[in-house]
Amino acid sequence: RRTTMAAAAEPLKESGGFLLCYLGGFSTAAVPRAITKQGKVRYEIMLQVVGRCPQIGWANPQFEQVNHVTNEGTGDDLHSWGADGARCQTWHAGKSTGKFDVTWSAGDVIGVAADLDARTLSFAKNGSWIEVFSECAFGDEGIFPSITMKSGKCEVNLGATPFKYPGPSNTYKAVAPSVQELERYRGGILNFKGSFPSLPSIPAATSPEAQKELLLAAKIHEQVGWNWRVDVPLGEFPGVSVDGAGLVVGLDFSGQEELEFDLAVLAPLTSLQVVNFRNCRNATGNIEVFEGMQIKELNLQQCFDLEGDIEVFKGMQIKELNLQPCRNLIGNIDVLKGMQIKEL
9 RRTTMAAAAE
19 PLKESGGFLL
29 CYLGGFSTAA
39 VPRAITKQGK
49 VRYEIMLQVV
59 GRCPQIGWAN
69 PQFEQVNHVT
79 NEGTGDDLHS
89 WGADGARCQT
99 WHAGKSTGKF
109 DVTWSAGDVI
119 GVAADLDART
129 LSFAKNGSWI
139 EVFSECAFGD
149 EGIFPSITMK
159 SGKCEVNLGA
169 TPFKYPGPSN
179 TYKAVAPSVQ
189 ELERYRGGIL
199 NFKGSFPSLP
209 SIPAATSPEA
219 QKELLLAAKI
229 HEQVGWNWRV
239 DVPLGEFPGV
249 SVDGAGLVVG
259 LDFSGQEELE
269 FDLAVLAPLT
279 SLQVVNFRNC
289 RNATGNIEVF
299 EGMQIKELNL
309 QQCFDLEGDI
319 EVFKGMQIKE
329 LNLQPCRNLI
339 GNIDVLKGMQ
349 IKEL
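If you use the numbering used here, the sequence shown corresponds to residues 9 to 352, in order.
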């Protein structure tokens, strides 16, 4: 992974002390300004969409910050440690370090705690703590919160608002109550939404082909107000339909075989009704992004690499649906009962 964001006029920073965070692709957000060198600190995450491959924990300054997808997240090198409640594993040095007998679900509050003096890391689900890492080689430079997700969505509380659950003991302090934003640490620009400081501007497009490649950034800029800009007005993009309020209600990228994008970037477009990505063979991601939308026409023909459960369509009034041959989709077609489908 629903919060409606279409009317947001300014960059998303915090909501009641929580930092909003959406990570598409396999991306990492971190808080290097919250570095801690000694003592006991903690933070909390409220999961809205668990996504795939969540690796939540800590990193030290040797954890490299890059502006692209590396396929390495929290726990995938010697300089970070992560717990994963989807695959039920812990991660460090690029490999699983053991079974993590906790399963995370949407709505769970995940506690993340570090005792730098004892060199241990503990994690909690809804207030129930377990020590997961011991004898950690943090180094002398300290550690900071690091969050990796694939199509995941959460709220992060660094201590600006009271924690929902107690820590492992009352000696643990909030890691960074004064920090008001996360930083984009690993992953492409389009994979991020939420509490992120100034991201690089994208130059104006000069051709319809280039415009289409920038569209997924521009439309979100127009509706969500990310703190970066695109110098091409939304109305100039081919294949985009907007309503009287300027909200995107239709996307038609049919036949654009060279376009590469993750469906996750569609998450803010809660007004979408018509989507035609026929022959967009390089599209990736999970169809769960359509949850909460009122899709009426959806054509994903030849989008081979899409994943997800068609249960996401439950409650929609879809008139036209083409999923041929989306081989990685699962679910029961009973979800289509009651729909007035004209074309399937």
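Even glycine gets a Cβ: it sits at the ideal position worked out from N, Cα and C.
Just so you know, these numbers come straight off a predicted model, no measurement behind them.
Collapsed DSSP secondary structure at residue i in the structure displayed
i      : result
Ala42  : helix
Val110 : coil
Leu274 : helix
Ile303 : coil
Val282 : strand
Asn199 : helix
Ala212 : Any reading at Ala212 needs caution, since the residue's pLDDT is 46, under 50, leaving its predicted position unreliable; the model's value is listed next. Three-state DSSP puts Ala212 in coil, outside helix and strand.
Element boundaries [beta strand (DSSP E), containing residue i]
i      : result
Val140 : 136 to 141
Ser249 : 248 to 250
Lys158 : 152 to 158
Pro62  : 60 to 67
Gln56  : 48 to 57
Phe298 : Where Phe298 is concerned, there is no enclosing beta strand (DSSP E), given that its DSSP letter is neither H nor E.
Lys133 : 128 to 133
Ser88  : 88 to 92
Classification of residue i by the beta-carbon crowding that lies within 10 angstroms, buried from 16 upward
i      : result
Val74  : exposed
Ser209 : Note that Ser209 scores a pLDDT of 43, beneath 50, so its modelled location is shaky; the value from the coordinates is reported in the next line. Ser209 comes out exposed.
Lys45  : exposed
Gly323 : exposed
Lys172 : exposed
Asp251 : exposed
Gly352 : The question names Gly, yet the displayed sequence has Leu at residue 352. The residue in question, Leu352, is exposed, as its Cβ has fewer than 16 Cβ neighbours within 10 Å.
Same chain only: Cβ atoms within 6 Å of residue i, ignoring 5 sequence neighbours per side
i      : result
Leu280 : Met301
Val77  : Gly33, Gly195, Gly196
Gln332 : Gln309
Gln263 : The residue asked about is misnamed: residue 263 is Gly in this sequence, not Gln. Here the set comprises Asn287.
Phe71  : His87, Ser88
Nonlocal neighbours in the same chain, by C-beta distance under 8 Å from residue i, ignoring five residues either side
i      : result
Ile349 : Ile326, Lys327, Glu328, Leu329
Trp137 : Gly119, Ala121, Ser130, Phe131, Gly175, Pro176
Leu314 : Leu271, Ala291, Thr292, Gly293, Asn294, Ile295, Leu308, Cys334, Asn336, Leu337
Interface flag, residue i vs chain B, CB-CB below 7 Å
i     : result
Val74 : Considering every chain present, this structure includes no chain B. It has just one protein chain.
Heavy atom of the ligand ATP within 6 Å of residue i beta-carbon
i     : result
Gly32 : Ligands are entirely absent from the displayed structure, and the ligand ATP is therefore not among its contents.
Count the C-beta pairs between the stretch 138 to 149 and the stretch 120 to 130 that are closer than 8 Å, then say yes if the count reaches three, no if not. They touch, by the three-pair rule.
With three or more C-beta pairs closer than 8 Å as the rule, is the stretch 186 to 202 touching the stretch 112 to 126? The stretch 186 to 202 and the stretch 112 to 126 do not touch, with fewer than three beta-carbon pairs separated by less than 8 Å.
Touch test, the stretch 160 to 177 against the stretch 100 to 109, Cβ-Cβ under 8 Å, three pairs minimum: The stretch 100 to 109 and the stretch 160 to 177 do not touch, with fewer than three beta-carbon pairs separated by less than 8 Å.
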